[in-house]
Amino acid sequence: MLLAAILAGAAATGLAAQSLGSVVERVALAAGWGAWPWLFGELAELHVARRQRRWDAARAQYEALRLLERAPRPADRPRPRERHRAAHRCERISVERPERPTWSGDRIHATAVRLDRDAHINLLILWPHLWLVLPDEIRGEIGRARAALTRAAVLGGWALLYLPLAWWWWPAVPLATTLVIISARRLRTASDTYATLLEASVRLHLTDLADKLRIEEQPMGPSLGGAVMRRLNGPAPVSEPAS
């Protein structure tokens with residue numbers, strides 16, 4: 002009976018960690034942050050505005066250095082290291098201009114922004130159709146990247162479970178803190194990998210989908226993207242492939 006109770010408790014704890022992990026994942030990706038409860042939504046909006054101001058300042062500095070690189074006199078040109086540092090500061094805030102309160106959420110959102118800008122593609126509409134024509138190895142890579150993102154969020158769920166224990170057991174504090182740091186770093190890495198694979202799969206296999214739709218062969222760009230989107234025209238899904 003004692004062994005059965007221990008096993009049942011372990012199973013319940015694991016389910017609780019997975020449930021909390023799904024909450025951590027939703028917060029980290031922040032796909033629907035505009036619908037968060039009032040207080041959290043207001044705080045998220047303030048944080049997004051702050052991130053946008055920081056990104057705009059970092060981007061302006063980066064663009065200024067790029068202009069100085071074209072100076073006629075070599076002595077007036079900045080060192081390449083300065084431009085790389087400016088680009089790194091900008092990317093630490095967000096790859097594209099922030100639209101969400103988290104880096105991971107913005108990293109995945111940047112994929113949709115780039116595809117819309119470069120090829121006039123709506124990723125929400127395109128992705129379910131493209132997924133069906135992707136090769137099995139590509140879908141496997143994307144699935145593994147998505148699973149890594151989920152595991153990183155579940156690790157954050159375990160950290161939340163350890164926090165209440167700090168009231169009775171002080172070592173739970175450094176343990177929970179360590180798990181939070183590891184989870185945050187893994188979430189950042191996994192979201193970057195997942196977003197990169199999403200964008201690469203669209204750019205490499207959009208022509209395959211166009212061929213299935215009997216669209217005339219043409220290079221990746223606004224013309225092809227517009228033709229595919231007109232063929233797939235329909236109501237947009239309510240959630241992104243990352244949520």
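Going by this note's numbering, the first residue of the sequence shown is number 2, and it counts up by one from there.
Don't be surprised by glycine CBs; every beta carbon is placed ideally from N, CA and C.
Under the 10 Å beta carbon count, D209 is surrounded by fewer than 16 other beta carbons and is classified as exposed. Apart from the 5 residues on each side of it in sequence, L69 sits with its Cβ closer than 7 Å to the Cβ of D77, R78, P79 in its chain, given in chain order. For A31, the closest alpha carbon among the candidates T103, L16, D212, L127 is that of T103. A Cβ-Cβ distance of about 6 Å is found for the pair S184 and A153, placing them in contact under the 8 Å criterion. Sorting C91, L198, T197 by C-alpha distance to the C-alpha of A61 places C91 at the top.
Shown here for P73: not one same chain residue has a beta carbon closer than 7 Å to its own, the five before and five after excluded. Two segments are said to touch when three or more pairs of C-beta atoms, one from each, lie closer than 8 Å; by this definition the stretch 149-164 touches the stretch 21-41.
Under the three-state reduction of DSSP output, R80 falls in the coil class, being neither helix nor strand.
Within 10 angstroms of the beta-carbon of R108 lie 16 or more other beta-carbons, which makes it buried. Assigned with DSSP and collapsed to three states, L68 falls in helix. Ranked by Cα distance from R118, the first of G227, N234, R231 is G227. In this structure, the straight-line span from the alpha carbon of P99 to that of R189 is close to 15 Å. Scanning its chain for C-beta atoms nearer than 8 Å, with the 5 sequence neighbours on each side dropped, one finds around L180 the residues L156, G157, W159, A160, Y163, in chain order. Take the alpha-carbon of E138 and the one of V203: they are about 15 Å apart.
For E100, no alpha helix (DSSP H) segment is defined, and its DSSP state is neither H nor E.
Fully contained in the stretch 133-201 are the following alpha helix (DSSP H) runs of length 4 or more, in chain order: 137-163. A direct Cα-Cα distance of roughly 8 Å separates L207 from L225.
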